[in-house]
Structure formats: structure tokens, C-alpha cells
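Beneath this line is the structure, given in C-alpha cells, with notes to follow.
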Amino acid sequence: MVESIVIICEDSPFGKNSVIESIRMATGILAVGDIEDCKVVFMGDAVYFLNKNLNPEALNVDPFTSVMRLFELSGLEIFIHDEALNTAGLAKSELKLSENIHVVTSEEISQLIVEANMSFKY
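Given below as C-alpha cells:
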């Protein structure tokens, strides 16, 4: 029986819906209630999604406010790869942080994947 899931997202928040759909999928899994442990890991360009200075409207993209609200209401935990932040030139202080958002190392991400019953890349 699946009791825990890790969803890994590496795609940019622009050009694809992977980041938004990862959050929607995870919050949907949590809402059903059969699985209480679902986490999302942002790696690669996905880390840009939580940049405080991100302005989707400047690119004629709908704002991410409804997805962020969904995330906040669900209690979903998001893990951000520290090396991806460095590669993106972002500091932790430039992120929209909350108690459910964690900046983690490659080793910690590996541990999340090992401990989960199921993991997949969206």
C-alpha cells in the first residue's frame, strides 16, 4: 500500500505547467485523505517559482495566486534543492518562504526519495 509520495519537478514555471500541476496533484492527493504524506521537490528551473520577484503578468501569464493559496491551505511541504538555487543565482532570502518550504541538500532529497513508497518526476 502506498503511504507516501514524492513528486519531483525540474521544469521552469514558464512554458510548461509542470510546477503548477505538481502542486495541484500533490494537494489533490492530500485532499483525498488516503495518503497523508505527499511532498514536492523543486529542482532545476522549478526553483524560480518561489522567487519573491517573480512577475508572471509581465509575461502575459496568469498570476500564481490561486496555486499559492491552494498550497497554503493544503499544508503541502515543498523542498527546494540548494544547488539549484545557487545555479539560478538565487539566495534563500529571495524566496517566498513559509514553514512548509524547506531548502535542502542533494543528500536530503535522496533520503526523501528512499523513504517514500513512490516517487516520480512530473
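Residue numbers for the sequence shown, in the working numbering: -2 to 119. Virtual Cβ for every residue (Gly too), placed ideally from N, Cα, C. Since we're looking at a predicted model, the values are computed, not measured.
CB I2 to CB A113, shorter than 7 Å?
-> yes
Indicate the three-state DSSP secondary structure (helix, strand or coil) for E7 in the structure shown.
-> coil
Cα-Cα separation, S9 to A88 = 17 Å
Counterpart residues of I2 in DSSP-defined beta bridges = C35 and M115
Beta bridge counterpart(s) of N48 as assigned by DSSP | L92
Rounded straight-line distance, which links the Cα of E74 to that of R66 | 13 Å
Take the Cβ of V111 as the centre, count every other Cβ of all protein chains shown within 10 Å, and call the residue buried at 16 or more, exposed below.
-> exposed
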